[in-house]
Every structure is written in structure tokens, then in C-alpha cells.
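Participant:
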Amino acid sequence: MHWFYDPALTVSSVRLPEQEAKHVKSLRLEVDEEIAITNGLGLVLKARHQGDSDYQPLDNYTVQEPKPRFHLVQALAKGDRDEMALQASVELGVSSVTPLQSERSVVRWDGKAEKNRERWQQIALAAMKQSQQAHLCAIRELQTTKTVRPVGLGLVLDPAASQTISSVRFELDDITLVVGPEGGLSDAEIQKLSESGFTPVRLGTSVLRTSTAGPAAIAALMLAVGAWD
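Here our numbering is used: position 217 in the sequence shown is 511, and no number is missing along the way.
So this is what it looks like as C-alpha cells:
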């Protein structure tokens, strides 16, 4: 079943936004084929395609946002590796992603922060629909290691950390994870993040690319808290 997004969704009638309507046409849906529409806030409406732009509303339901909520702080990285991490993390179900301008980030958003943030939001939207989720991941404003703060429990991936991610104990409704760029976070940045409330942790003995480190850590944390039970 294909999923679509309508922030103004109601359960009594269906009128998809222009961009989503174009997507329907490109898919060449058959008459009577069922689709799902979400407002990105938990409401899901199933509807039957009646041809052209006509849809018959069927049943609807509300999905509660799972807890704990996961928040990824992803450092900007070259070669779209940051966007790969973003996409995979949204598919896993993170609640928000914050772009991070770190010392060793090759990519810079100077003067284009809002434009790039909107691009990330579109990637998050596509990933939400692809993974058939009812909550749209929020893309926060660009931060640095000096300005970012944890929501709930704060963790930062550091290959030199003494504590492993599997040893973390969870008692809060929110978990924030910081992932550095391809060159890693500097010692000074790790120190600053520690002072801001982030605990350094490592993913075993492996050092992963920035495109896979975040999703791998998020998946490990979700498994630990029983998010997939």
C-alpha cells in the first residue's frame, strides 16, 4: 500500500496536496486500489482510489508516538553521507534530526542553512512515507558543538569512549545522539559536548562511516528499549 502526506488531513474527505496528487498520477494507481494518508502527527486515513483525484475515505486510526523518542544530531558530511544517515534514521523512526556544523565537517552550510534544512525535511518526508510511519521527523536548525543541547538523555559517539552503547541505562522519555563527520569529532568538541550533558559512548570496537554510525546506534538503542517488540 502506498502512503501519502497531507498536513491538513480530515477523516471525512480526501483532497491531496498538489505535489502528492502528482505522485499518485505517476504511480498509475488502479481504480479501487487502497492508499494510506497521514498528517504526520499520528492520524492515518485509509482511502480507496476512485480514479483521477477522487478518493473514498475508509477507516482511520491514530498512532501514538513511541517512547522513548530518539533525536539524532548528525554532523554535516561530504558525498551525501549525512543525507544517507538522515534517511535511514527516519526510516528507523527518529523524532527529530539536527544538522551539526563541526570543526572537521568538509561541507559548510554558510548562507544556505535554511535552504538545506528544507531539503533535509523533504528527505525526511519521503523516508516517512516509504517506511509507512505516521509521525513526520522534524528537522531542527543548524547547530554547533557549542550550541547543541541534549533532549533527555544525551549520548555522543566516540571510538575512544570507555563506555559501550549497550551499557547505557534508559530512564527518560527522550534520547539524543550526536554523530560526528567523516573525520570524527575533535577532542575539544567531545569535551564541550560532555560539559553540555552528553555522555561519550562507543559502538563496540568498530569505527563506522558517518553514514552508518548514527542508524546503527539508533537501531541498537531501539532494540535495547524494546521498541521493536
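Glycine included, every Cβ here is placed at the ideal spot set by N, Cα and C. Just so we're clear, the structure is a prediction, and the values are computed from it rather than from any experiment.
Residues in the same chain with beta-carbon distance under 7 Å from S307, minus the five sequence neighbours each way, listed in chain order, please.
Facilitator: P351
Participant: What's the gap between the Cα of Y349 and the Cα of Y355?
Facilitator: Their Cα atoms are separated by approximately 17 Å.
Participant: In whole angstroms, what is the alpha-carbon distance linking L323 and H343?
Facilitator: CA-to-CA, the gap between L323 and H343 works out to about 7 Å.
Participant: Count the CB pairs spanning the segment 365-374 and the segment 328-342 that are closer than 8 Å, and state whether there are at least three.
Facilitator: no
Participant: Along the chain, where does the beta strand (DSSP E) containing V442 start, and where does it finish?
Facilitator: Looking at the DSSP string, V442 is not in any beta strand (DSSP E), and its letter there is neither H nor E.
Participant: Pick out whichever of L479, I417, T332, Y299 has its Cα sitting closest to the Cα of K316.
Facilitator: Residue Y299 holds the alpha-carbon nearest to the alpha-carbon of K316 among L479, I417, T332, Y299.
Participant: Hey, quick one: how far does the beta strand (DSSP E) through L471 stretch, first residue to last?
Facilitator: 468-473
Participant: Report yes or no: do three or more beta-carbon pairs, one from the segment 486-496 and one from the segment 402-422, lie closer than 8 Å?
Facilitator: no
Participant: Let me make sure I understand the geometry here. Which of I329, Q313, S399, P301 has the alpha-carbon closest to that of G477?
Facilitator: S399
Participant: So which of G373, T392, L386 has the shortest CA-CA distance to K423?
Facilitator: When only C-alpha atoms are compared, the closest one is L386.
Participant: Taking Cβ to Cβ, would you say V384 is nearer than 8 Å to A428?
Facilitator: no
Participant: Looking at C-alpha atoms only, which residue of R309, A511, A455 is the closest neighbour of G345?
Facilitator: R309
Participant: Do V472 and A507 have their CB atoms nearer than 8 Å?
Facilitator: no
Participant: What did DSSP end up calling R496 once you bin it into helix, strand or coil?
Facilitator: strand
Participant: Along the chain, where does the beta strand (DSSP E) containing P351 start, and where does it finish?
Facilitator: 348-356
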